[in-house]
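Structure first, then comments.
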Amino acid sequence: MGDPKNIFVIGAQCTGKSTLVNGLEGHFSQSLSLAPSPSIIREVARSVLHKYGFTRDDILNSPERALQLQEKILEAQFEAEGAILDDLTTKWYISDRSGLDPIVYAYLYVSEESAQRLLASPIWTALESNMKGGLVILCEAGCSWLVDDGTRLMPKDDKDWERVDLAFRMLLDMRDIEYILLPRDMKDLERRIEIVVEAHGSQVHGM
Numbered sequence: 001m002g003d004p005k006n007i008f009v010i011g012a013q014c015t016g017k018s019t020l021v022n023g024l025e026g027h028f029s030q031s032l033s034l035a036p037s038p039s040i041i042r043e044v045a046r047s048v049l050h051k052y053g054f055t056r057d058d059i060l061n062s063p064e065r066a067l068q069l070q071e072k073i074l075e076a077q078f079e080a081e082g083a084i085l086d087d088l089t090t091k092w093y094i095s096d097r098s099g100l101d102p103i104v105y106a107y108l109y110v111s112e113e114s115a116q117r118l119l120a121s122p123i124w125t126a127l128e129s130n131m132k133g134g135l136v137i138l139c140e141a142g143c144s145w146l147v148d149d150g151t152r153l154m155p156k157d158d159k160d161w162e163r164v165d166l167a168f169r170m171l172l173d174m175r176d177i178e179y180i181l182l183p184r185d186m187k188d189l190e191r192r193i194e195i196v197v198e199a200h201g202s203q204v205h206g207m
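So this is what it looks like as structure tokens:
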């Protein structure tokens, strides 16, 4: 049996991604079947926003700044994944977001051409390979967790929220990245964790 597959939890804003990652971290830290426990890649976008002085208004009002932000997020995700993969003591990780996320937002808030440019980058090539070799979990938009934290970009309404969700699906399909959908009406965290753990176990054991 090889190393456990890395897990990527992705999706639109406020769909329970970080909550799920925290739940998975707790589960695997107590599991005796997988050792060592996974490293956790927290949402890199927040640190990029603070480090470089971006605001969410930049995304809405300045296509140039919006693209710069997504480029920085893509680079930060690459560095975070690379640091873990280069660490011989760490076998696998769970990532809160992925390299696809900044490409989705470049597509939505800058232009399709900008998204294509990111997709053509060597950084994305490496990140895409990691995703295709891992387990990708897409949290569906439309649940009751839409709360403005004052930092991240928020959808204007349910229609805008759905637009982000559809962009994720489109790009996943376009890049032939397989994923498991956690539906919006599945709000029980334990059930969400159970589905991911079952899928991850199937991949680990080659079933």
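Note that full-length UniProt numbering gives residue 188 to position 188 of the sequence shown, counting from 1, and the numbers run on in steps of one.
Note that beta-carbon positions come from the ideal geometry of N, C-alpha and C, so glycine has one too.
At least one CB of chain B closer than 8 angstroms to the CB of residue i: is that the case?
i, result
"M131", "Protein chains in the displayed structure number just one, and chain B is not present."
At which residues does the alpha helix (DSSP H) containing residue i begin and terminate?
i, result
"V104", "L100 to Y109"
"L24", "K17 to Q30"
"D176", "Segment: none, D176 is in no alpha helix (DSSP H) and carries neither H nor E."
"S129", "P122 to K132"
"K72", "P63 to L85"
"R117", "E112 to L119"
Within 10 angstroms of the Cβ of residue i, are there 16 or more other Cβ atoms? Answer buried if so, exposed if not.
i, result
"S129", "exposed"
"A120", "exposed"
"L11", "Contrary to the premise, residue 11 reads as Gly rather than Leu in this sequence. It counts as buried."
"A106", "buried"
"M131", "buried"
"I103", "buried"
"S114", "buried"
"Q13", "buried"
"R191", "exposed"
"S98", "buried"
"L158", "Just to set this straight, residue 158 is Asp in the shown sequence, not Leu. It counts as exposed."
"residue 209", "This structure cannot settle anything about residue 209, because the visible part of the chain is limited to 1 through 207."
"L118", "buried"
"Q70", "buried"
List the endpoints of the continuous beta strand (DSSP E) containing residue i.
i, result
"G11", "I7 to G11"
"P138", "The amino acid occupying residue 138 in the given sequence is Leu; Pro does not appear at that position. From DSSP, the beta strand (DSSP E) with L138 extends over L135 to C139."
"residue 244", "Residue 244 is absent from the structure shown; the chain starts at 1 and stops at 207."
What do you reckon, is the C-beta of residue i under 7 angstroms from a heavy atom of the ligand NAD?
i, result
"S18", "Absence of the ligand NAD from the depicted structure is noted, as is the absence of any ligand whatsoever, leaving it without description."
Inspect the beta-carbon positions of residue i and residue j and report whether they are closer than 8 angstroms.
i, j, result
"D96", "R56", "no"
"V136", "F8", "yes"
"F28", "S37", "yes"
"K51", "G134", "no"
"E140", "L100", "no"
"I73", "A45", "yes"
"E25", "I123", "no"
"L189", "G23", "yes"
"L172", "L127", "no"
Would you check if there are 3 or more beta carbon pairs closer than 8 angstroms linking the region 10–19 to the region 75–82? no
Quick check for students: name the residue ranges of the beta strand (DSSP E) that lie wholly in the region 32–56, counting only runs of 3 or more. Listed in chain order, they are 39–41.
Inspect the CB distances between the region 52–70 and the region 94–112 and report whether three or more fall short of 8 angstroms. yes
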